[in-house]
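Structure, as structure tokens:
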Amino acid sequence: MSMPLTIESTLVTQGKEVRVKGKENCFVVTLTGYRLYPIGDRIEIRRHEDADQIGFGKIVELTWRDNQTICTYQLLSLHSVN
């Protein structure tokens, strides 16, 4: 069985990010499909594909399950509060 995979360089959260309790500036977002992000490198974070970036983050964990990617990231810098 094949597994379609996309390689991403920008994390688009669609506004579905949830803060991880007990970890400073960490969030988790569940995305449809299998996506591969660079772990440990600084990447751009956006709320929507066509929106301006909200800041930069670092992916700390990726989990693939049931045609979903569960991504945990740490927000490193924030350009906008809203």
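Everything in the sequence shown is counted per my numbering, starting at 84 for the first residue and increasing by one. Cβ atoms here follow ideal geometry from the backbone N, Cα and C, with glycine treated the same way.
On a CA-only basis, which of the options is nearest residue i? Give me that one, please.
i, options, result
"Arg148", "Ser92, Arg125, Leu119 and Arg102", "Leu119"
Are the beta-carbon atoms of residue i and residue j separated by less than 8 Å?
i, j, result
"Ile126", "Gly140", "yes"
"Leu59", "Gly138", "As displayed, the chain neither begins before 84 nor continues past 165, which places residue 59 out of reach and without an answer."
"Arg130", "Gln97", "yes"
Could you tell me the distance, in whole angstroms, from the CA atom of residue i to the CA atom of residue j?
i, j, result
"Cys109", "Glu100", "10 Å"
"Ser92", "Arg102", "21 Å"
"Ile153", "Asp135", "23 Å"
"Gly161", "Met86", "One point to set straight first is that residue 161 is Leu, not Gly, in the sequence displayed. Going by the C-alpha atoms only, they are around 34 Å apart."
"Leu145", "Gly123", "11 Å"
"Lys106", "Ile90", "27 Å"
"Leu88", "Val95", "16 Å"
"Val112", "Val143", "12 Å"
"Glu104", "Pro121", "At residue 104 the sequence reads Lys, which differs from the Glu that was named. Lys104 and Pro121: Cα-Cα distance of roughly 23 Å."
"Glu132", "Tyr156", "18 Å"
Is any beta-carbon of chain D found at less than 8 Å from that of residue i?
i, result
"Asp124", "In the structure shown, chain D cannot be found, because there is only a single protein chain."
Kindly examine the ligand MG and report whether one of its heavy atoms sits closer than 7 Å to the Cβ of residue i.
i, result
"Asn108", "The ligand MG is absent from the structure shown, which contains no ligand whatsoever."
Could you pull out every unbroken beta strand (DSSP E) segment of at least 3 residues lying fully inside the region 88–147, listed in chain order?
88–90, 93–95, 109–115, 117–119 and 125–129
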